[in-house]
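Please read the structure below before turning to the comments.
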Ligand SMILES: [Zn+2]
Ligand SMILES: [Zn+2]
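Residue numbers (my numbering): 321 to 579.
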């Protein structure tokens, strides 16, 4: 399984791009500004997108993707997300005011975009990949995704708080080859992290220590203004071998040999 980090930042700025992963060329998880890093011919290979939630840093480039692929699409681009997220996309994005309703273009029988509500924990098989949503707790409805292929599996939590419910969920997922998880705020802003339901280095460490199946952490979503501080705090809590800080342009390969 090939996982390209197109964007993994918690904000924008020169060289920083928000959450978007591409798996095996044709599948995305989230469609933040990192998606704009792909050349047009690569954008046209995308067949389906699995969203964690409807916050702008995770969906901002979805409408623009459909537009740029419009004339090349033989089949619709399929978007899978929680029902609440689908509802936000219909009401607030593809509503003709912000962007055209591509679910009825060029006509309702053969649209270029289809929206599919998912239910936890119903697995979705697409080509060689199987994706399973799992619920996490954020300020809006949000799910993580576990991705399996060729005997390897990784999970991406999306935006989440680190509480006992997340711990139980991760423990239920069983052995993972990697866990991609956010660490948006520094410990100094733990109150804000708590209010906005995000993770800090300390809360991540507390979670990690209690995980029944500890695995390599791929850490994302650092707020640009706190990146240095968060990095130092992560170094304080974790051995270097436990985690990787994600940034756009990284390509991670998981296969049975590497797992
Ligand atoms: Zn969010
Ligand atoms: Zn976010």
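Where is the CB? At the ideal position from N, CA and C, for every residue including glycine.
Remember, it's a predicted structure, so these values are computed and weren't measured experimentally.
Of all the options the options, which has the alpha carbon lying nearest to the alpha carbon of residue i?
i: residue 459; options: 475, 565 and 481; result: 481
i: residue 391; options: 370, 401, 430 and 372; result: 430
i: residue 553; options: 567, 520 and 568; result: 520
i: residue 385; options: 356, 404 and 428; result: 356
i: residue 373; options: 476, 443, 572 and 527; result: 476
i: residue 451; options: 418, 371 and 538; result: 371
i: residue 546; options: 388, 508, 523 and 557; result: 508
i: residue 560; options: 572, 432, 539 and 440; result: 539
i: residue 557; options: 525, 328 and 542; result: 525
i: residue 563; options: 571, 575, 548 and 528; result: 528
i: residue 401; options: 510, 416, 442 and 393; result: 442
i: residue 465; options: 574, 358, 369 and 328; result: 369
i: residue 328; options: 488, 510, 565 and 487; result: 565
i: residue 572; options: 418, 354 and 474; result: 474
i: residue 438; options: 449, 358 and 399; result: 399
Can residue i and residue j be called in contact, C-beta distance under 8 Å?
i: residue 331; j: residue 544; result: yes
i: residue 569; j: residue 325; result: yes
i: residue 366; j: residue 323; result: no
i: residue 409; j: residue 389; result: no
i: residue 461; j: residue 549; result: no
i: residue 574; j: residue 321; result: yes
i: residue 422; j: residue 440; result: no
Could you compute how far the alpha carbon of residue i sits from the alpha carbon of residue j?
i: residue 338; j: residue 382; result: 12 Å
i: residue 456; j: residue 426; result: 36 Å
i: residue 420; j: residue 413; result: 8 Å
i: residue 500; j: residue 479; result: 11 Å
i: residue 347; j: residue 334; result: 26 Å
i: residue 432; j: residue 387; result: 9 Å
i: residue 424; j: residue 375; result: 24 Å
i: residue 537; j: residue 415; result: 38 Å
i: residue 436; j: residue 483; result: 29 Å
i: residue 379; j: residue 542; result: 18 Å
i: residue 523; j: residue 567; result: 21 Å
i: residue 361; j: residue 555; result: 39 Å
i: residue 444; j: residue 407; result: 20 Å
Compute the minimum distance between the beta carbon of residue i and the heavy atoms of ligand 4, and state whether it is under 7 Å.
i: residue 511; result: In the structure on display, ligand 4 does not appear, and the ligands it does have are ligand 1 and ligand 2.
For residue i, does the three-state DSSP call read helix, strand or coil?
i: residue 495; result: coil
i: residue 508; result: helix
i: residue 584; result: With the chain running from 321 to 579 in the structure shown, residue 584 is simply not present.
i: residue 324; result: strand
i: residue 331; result: coil
i: residue 513; result: helix
i: residue 356; result: helix
i: residue 404; result: helix
i: residue 562; result: helix
i: residue 521; result: helix
i: residue 453; result: strand
Using a Cβ-Cβ distance cut-off of 8 Å, determine whether residue i contacts chain C.
i: residue 432; result: Here chain C cannot be found, since the structure has a single protein chain.
query = Do the segment 532–544 and the segment 484–501 touch if we need at least three Cβ pairs shorter than 8 Å?
reply = yes
message = Between the segment 508–524 and the segment 338–347, can you find at least three pairs of beta-carbon atoms closer than 8 Å?
response = no
query = Per the contact definition of three or more C-beta pairs closer than 8 Å, is the segment 502–509 in contact with the segment 460–473?
reply = no
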